[in-house]
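Notes for the one structure printed next.
Protein chains: 2
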Amino acid sequence: MNVGIVGGGQLARMLALAGYPLGWQFQVLDPAADACAGQVARFIQGDYHDETPLMALAAWADVVTFDFENVPAEAARILGQRVAVYPPAEALAVAQDRLDEKTLFWELGIPIPTFATVDSLEELQSAVRRLELPTVLKTRRLGYDGKGQRVLRTDRDIEAAWQALGSVPLILEKFVPFEHEVSILAVRDREGGTVFYPLVENHHRDGILRLSQAPCRKPELEQEGWDYARRLLERLNHVGVLAIEFFVKDGRLIANEMAPRVHNSGHWTIEGAETCQFENHLRAILGLPLGSTAAVGHSAMVNAIGDLPERSAVLSLPGAHYHAYGKTPRPGRKVGHVTLRADDPGMVSAGLERLLPMVGFRPDEFG
Amino acid sequence: MNVGIVGGGQLARMLALAGYPLGWQFQVLDPAADACAGQVARFIQGDYHDETPLMALAAWADVVTFDFENVPAEAARILGQRVAVYPPAEALAVAQDRLDEKTLFWELGIPIPTFATVDSLEELQSAVRRLELPTVLKTRRLGYDGKGQRVLRTDRDIEAAWQALGSVPLILEKFVPFEHEVSILAVRDREGGTVFYPLVENHHRDGILRLSQAPCRKPELEQEGWDYARRLLERLNHVGVLAIEFFVKDGRLIANEMAPRVHNSGHWTIEGAETCQFENHLRAILGLPLGSTAAVGHSAMVNAIGDLPERSAVLSLPGAHYHAYGKTPRPGRKVGHVTLRADDPGMVSAGLERLLPMVGFRPDEFG
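Residue numbers (my numbering), protein chains in the order written: chain V, 6 to 372; chain F, 6 to 372.
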């Protein structure tokens, strides 16, 4: 089978690497000449708005998927006329707009922060009065890794935030003083079968995920998260992996956002789960039985942001697995990750204390 | 780092797939246009006796290794003048000739079957009288997967075996009525550090490996095997993975043969060990710390010979991991393998009963 992927970043790269053992071929489409998945897969350099490369990918592939959700709707439509495309267009569309996403969460009974849409400075000021500070102003579209967001703590932040973001439709959310952040990774196959990975605990800095730990032993939250994920999977008629990020406050989940794709907080599954998220996404879109999502021991995944840690130092840590994405180092850029896996959670914690300083944090930074 | 591999079969393919996560690039050299590693790595089609493709590989690579041991000595010499080459030429040379191999085993105190060299029918007849039937006649060079071998059970087999194999130098071995076959996979790094994988129990049919199970809980044999492996690694100044196959008779190991490379009986390590044999081979030749060889639960690896089993059926087995090599099906050809991994050995056994019929065996074939 030939699998086409729109987007050629690290997610596409890890999809290809997970799929080769099953005998499949991969081709990625990306506008950037140095798209890192192009190092390990066939590569079409082209714009997502240009029909020619999309047609070339559709002609070659038996099935097409995405490594990001902000695919132009027209691109998905062009592909969908010629080849099987997963996830479905609606899942992409909902994930592209925070208002649609929140509306869907609300319809499905998934708790969300109070919010208001904002299209003018006046609306922003009135929404701030209604929600009360602190709040978070976010662009409705094209936000990721903390981009397109401003936290409003005092009245003086209002106008600056409007100046920075006000050229596009916005949403204002009540800031959630959360105790933890967690995520759920769920997979649905073409026949409607579903599997769910153990709950993951996440830590961000500057809007970027830094550390994920799994399995996060909070059975009640896990069941609640799986239940919300099931509602979304079924409502969207989703096929493939779906990730949902939650805040935890007062022992309850509050949904932050979803991604209809493999997700950074699931990278630990490569070594830490019986079947990794990348393989299960491929199994789902290719109509094969989903694999076990059971954790194999305990895992901690640390992102390498901006630059890679030194290989020898990392590989001397027991249970360390090094993942370099083949990307040019640049401040703020995700260029790799390291997963620590061990049967004993104490070994993971001990390794983490040594690993965190290698990627620019204190040993107890997320303790 | 750029890693060149002489030979583009499934071992090269799995080396590349294990190495991409570490950010390395791979290029393989193989005479066959459809060499299966060429589907996942840069590819030079060329003859091992032709200097031009060898020079091209050496010019591109930071280090060169092999996916088979029968590399022409001249090819290794040409490469070695221009680029770091591992394993060392002596390890390749010894593994290419059963007489050299047995002589080395004998020198190092590693038990071997009684044997005699044979260069004429008269020598064969006299050797058979000395060793007594049953015996095994083998070509000294270029044997693999049972090719170049004949078992001699009665006097009538002698002349037929000579007719089949007698055009090249031969060796006659006393047939070992073994209870089990096992193998040891060992790794040595460039500084002389060594690690050893758990003992593997192997089952062959028609000279081809069919089933490997690990870890094989026979502590005394494991220590003995590691000791022999250590002697070989040090004597050869080996760098990379070295595999040794043994017969087990009366509770002792008798060495059958060695391979100075990653080995079929180590494929289970992809899912079943903390660091797989492919990654550890690469870590060794690239001067990085070796990874833990500890087993993660229990594993059984089954080869797919001639044709691949049905994907859906295999993937519905708990803990099954499917590996297709991208090779055209052909009788007797290794086209893939399946590994069953679970924390509970009973789950592996139960899965094996269902898996074996999918690759043409009875459920209790190797019980």
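Glycine included, every Cβ here is placed at the ideal spot set by N, Cα and C.
For residue i, go through chain F and note every residue whose CB falls closer than 7 angstroms to its CB, in chain order.
i: residue 323(V); result: 297
i: residue 53(V); result: Here the premise fails: no neighbours, minimum Cβ distance about 25 angstroms.
i: residue 177(V); result: Ordered by position in chain F, no residue passes the 7 angstroms Cβ test against residue 177(V), which lies about 41 angstroms from the chain.
i: residue 328(V); result: 26
Here's a check: name, in chain order, each residue in its chain whose Cβ is nearer than 7 angstroms to the Cβ of residue i, leaving out the five neighbours to either side.
i: residue 242(V); result: 93
i: residue 278(F); result: 202, 298, 299, 300, 301
i: residue 364(V); result: 307, 309, 314
i: residue 16(F); result: 72, 266, 267
i: residue 183(F); result: 252, 253, 254
CA-CA distance, residue i and residue j?
i: residue 248(V); j: residue 261(V); result: 11 angstroms
i: residue 202(V); j: residue 189(V); result: 7 angstroms
i: residue 244(F); j: residue 357(F); result: 34 angstroms
i: residue 33(F); j: residue 54(F); result: 15 angstroms
i: residue 172(F); j: residue 49(F); result: 33 angstroms
i: residue 193(F); j: residue 97(F); result: 15 angstroms
i: residue 227(V); j: residue 255(V); result: 15 angstroms
i: residue 253(F); j: residue 25(F); result: 37 angstroms
i: residue 18(F); j: residue 41(F); result: 7 angstroms
i: residue 205(V); j: residue 335(V); result: 27 angstroms
i: residue 45(F); j: residue 75(F); result: 23 angstroms
i: residue 286(V); j: residue 280(V); result: 10 angstroms
i: residue 148(V); j: residue 207(F); result: 53 angstroms
i: residue 117(F); j: residue 233(F); result: 12 angstroms
i: residue 360(V); j: residue 368(F); result: 46 angstroms
Nearest to residue i by alpha carbon, out of the options?
i: residue 29(F); options: 273(F), 55(F), 41(F), 47(F); result: 47(F)
i: residue 294(F); options: 296(V), 316(V), 302(V), 119(V); result: 316(V)
i: residue 161(F); options: 270(F), 130(F), 21(F), 152(F); result: 130(F)
i: residue 115(V); options: 327(V), 230(V), 345(V); result: 230(V)
i: residue 7(F); options: 314(F), 291(F), 269(F), 95(F); result: 291(F)
i: residue 333(V); options: 320(V), 372(V), 311(V), 327(V); result: 311(V)
i: residue 258(F); options: 15(F), 223(F), 275(F), 276(F); result: 223(F)
i: residue 344(F); options: 60(F), 250(F), 303(F); result: 303(F)
i: residue 113(F); options: 276(F), 235(F), 329(F); result: 235(F)
i: residue 59(V); options: 100(V), 10(V), 40(V); result: 10(V)
i: residue 103(F); options: 66(F), 185(F), 154(F); result: 154(F)
i: residue 81(F); options: 318(F), 285(F), 37(F), 52(F); result: 52(F)
i: residue 138(F); options: 205(F), 119(F), 124(F); result: 119(F)
i: residue 382(F); options: 100(F), 64(F), 61(F), 87(F); result: Any answer about residue 382(F) is impossible in this case: the structure gives chain F only from 6 up to 372.
i: residue 175(F); options: 168(F), 142(F), 195(F); result: 142(F)
i: residue 321(F); options: 366(V), 289(V), 320(V), 318(V); result: 289(V)
i: residue 107(V); options: 179(V), 372(V), 326(V), 221(V); result: 179(V)
i: residue 5(F); options: 305(F), 43(F), 31(F); result: Residue 5(F) falls outside the range modelled here, since chain F spans only 6 to 372, and no answer is possible.
i: residue 372(V); options: 185(V), 318(V), 239(V); result: 185(V)
i: residue 264(V); options: 95(V), 35(V), 31(V); result: 95(V)
Identify whether residue i lies in helix, strand or coil by the three-state DSSP scheme.
i: residue 346(V); result: strand
i: residue 25(V); result: helix
i: residue 85(V); result: helix
i: residue 299(V); result: coil
i: residue 286(F); result: helix
i: residue 253(V); result: strand
i: residue 260(F); result: strand
i: residue 178(V); result: strand
Just the chain A side, please: which residues come within less than 9 angstroms of residue i by C-beta, in chain order?
i: residue 196(F); result: Going by chain labels, chain A is absent from the structure shown, which instead holds the protein chains V and F.
List the residues of chain V that residue i touches, going by C-beta distances under 7 angstroms, in chain order.
i: residue 317(F); result: 293, 294
i: residue 331(F); result: 28
i: residue 279(F); result: 324
i: residue 301(F); result: 301
Leaving aside the five residues before and after residue i along the sequence, list all residues of the same chain whose C-beta is less than 6 angstroms from its C-beta, in chain order.
i: residue 271(V); result: 190, 282
i: residue 341(V); result: 309, 313, 328, 329, 330
i: residue 90(F); result: 69, 84
i: residue 269(V); result: 214
i: residue 88(V); result: 63, 66, 69
Would you mind telling me which residues of chain V sit closer than 8 angstroms to residue i, beta carbon to beta carbon, in chain order?
i: residue 288(F); result: 320
i: residue 22(F); result: 22, 25, 26
So which residues on chain V does residue i lean against when the C-beta distance must stay under 9 angstroms?
i: residue 272(F); result: Within chain V, no residue comes near residue 272(F); the closest Cβ sits about 10 angstroms away, beyond 9 angstroms.
Cβ of residue i within 7 angstroms of any heavy atom in the ligand GDP?
i: residue 283(V); result: By its list of ligands, the structure shown contains no ligand whatsoever, and the ligand GDP lies outside what it can speak to.
Near residue i, what residues of its chain come up, given a Cβ to Cβ distance below 8 angstroms and the 5 sequence neighbours on each side ignored?
i: residue 133(V); result: 140, 157, 160, 163, 177
i: residue 324(V); result: 345, 346, 347, 352, 353, 356
i: residue 22(F); result: 45, 283
i: residue 319(V); result: 325, 327, 343, 360, 363
Output, in chain order, the set of chain F residues within a Cβ distance shorter than 8 angstroms of residue i.
i: residue 44(V); result: 25, 30
Which residues in chain F have a C-beta closer than 9 angstroms to the C-beta of residue i? List them in chain order.
i: residue 91(V); result: Chain F residues near residue 91(V): none, gap ~17 angstroms exceeds 9 angstroms.
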